[in-house]
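Just so we're on the same page, the numbering used here is the position in the sequence shown counted from 1, plus 476. Don't be surprised by glycine CBs; every beta carbon is placed ideally from N, CA and C.
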Amino acid sequence: QPNYCGDAFVRADAIEYARAHAADFDVVHASPPCQDACSLTKGTNRGRTYPRLIEPTRDVLTAAGVPFVIENVAGAELRRDVRLCGEMFDLAVMRHRFFEVHGVTVTAPAHRPHRGRVAGMRHGEWFTGPYFAVYGDGGGKGSVAQWQAAMGIDWTDVRREIAEAIPPAYTHLIGRQFLAAYAEQAASAA
Numbered sequence: 477q478p479n480y481c482g483d484a485f486v487r488a489d490a491i492e493y494a495r496a497h498a499a500d501f502d503v504v505h506a507s508p509p510c511q512d513a514c515s516l517t518k519g520t521n522r523g524r525t526y527p528r529l530i531e532p533t534r535d536v537l538t539a540a541g542v543p544f545v546i547e548n549v550a551g552a553e554l555r556r557d558v559r560l561c562g563e564m565f566d567l568a569v570m571r572h573r574f575f576e577v578h579g580v581t582v583t584a585p586a587h588r589p590h591r592g593r594v595a596g597m598r599h600g601e602w603f604t605g606p607y608f609a610v611y612g613d614g615g616g617k618g619s620v621a622q623w624q625a626a627m628g629i630d631w632t633d634v635r636r637e638i639a640e641a642i643p644p645a646y647t648h649l650i651g652r653q654f655l656a657a658y659a660e661q662a663a664s665a666a
């Protein structure tokens, strides 16, 4: 994502980059493409094939010997240590994602019941609701500004980049728990 808001943006083969550099980091968060396992693309992309990258990602990160997290969708082949939903963070998107966590234990906030349906056009009828469908190019899913607010994203106004992202609140939660675990380890070692 060229508009990535982090410290640096590196465009490369993620598996090869991780093989060469993962050991240089204290912890690695990986989000392999999900099109192979995503229920939203199963029907619309029928006949297309997508790479299955979770296992090679896991293998490379395990070999690097650093703590890591792999994020993906419900249909993905990963261990489901943590499930996060936008409702846990008062976001206007459900965006259920699973996280396989290696190195620390991560705890999710309580998953409150969903408050209603997703707003938007469905089969020629407009529905109101507290959530937005943040995916795809079809109409009736909300404006870019609504998507940004729903996801808690302000670093891009490109619809495709927002659709491919996860809410930053998810990685903030996991990152804070990694930092707390490291602080606890350092305190007990002192």
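Whose C-alpha, out of the options, is nearest the C-alpha of residue i?
i, options, result
"residue 562", "528, 625, 633 and 543", "625"
"residue 549", "611, 573, 621 and 559", "573"
"residue 560", "552, 547 and 553", "547"
"residue 540", "622, 509, 558 and 502", "502"
"residue 509", "627, 631, 553 and 594", "553"
"residue 532", "506, 597 and 542", "506"
"residue 592", "527, 609, 581 and 599", "609"
"residue 479", "664, 641 and 660", "641"
"residue 645", "535, 542, 569 and 500", "569"
"residue 543", "630, 600 and 579", "579"
"residue 615", "599, 659 and 662", "599"
In this structure, how does DSSP classify residue i when only helix, strand and coil are distinguished?
i, result
"residue 572", "coil"
"residue 567", "coil"
"residue 590", "coil"
"residue 620", "helix"
"residue 493", "helix"
How would you write the range of the beta strand (DSSP E) that residue i sits in, first residue to last?
i, result
"residue 631", "Note, residue 631: premise wrong, no beta strand (DSSP E); not H, not E."
"residue 505", "504-506"
"residue 594", "594-598"
"residue 603", "601-603"
Around the Cβ of residue i, are there at least 16 other Cβ atoms within 10 angstroms (buried) or fewer (exposed)?
i, result
"residue 576", "buried"
"residue 607", "buried"
"residue 602", "exposed"
"residue 537", "buried"
"residue 643", "buried"
"residue 525", "exposed"
"residue 655", "exposed"
"residue 628", "buried"
"residue 581", "exposed"
How would you write the range of the alpha helix (DSSP H) that residue i sits in, first residue to last?
i, result
"residue 655", "644-665"
"residue 534", "530-540"
"residue 553", "Run containing residue 553: none; DSSP gives neither H nor E here."
Could you check whether the Cβ of residue i sits closer than 8 Å to any heavy atom belonging to the ligand PLP?
i, result
"residue 526", "Judged by which ligands are present, the structure shown has none, so any question about the ligand PLP falls away."
The segment 641-649 / the segment 486-495 touching (three or more Cβ pairs under 8 Å): no
The segment 551-566 in contact with the segment 582-599 per 3-pair CB rule at 8 Å: yes
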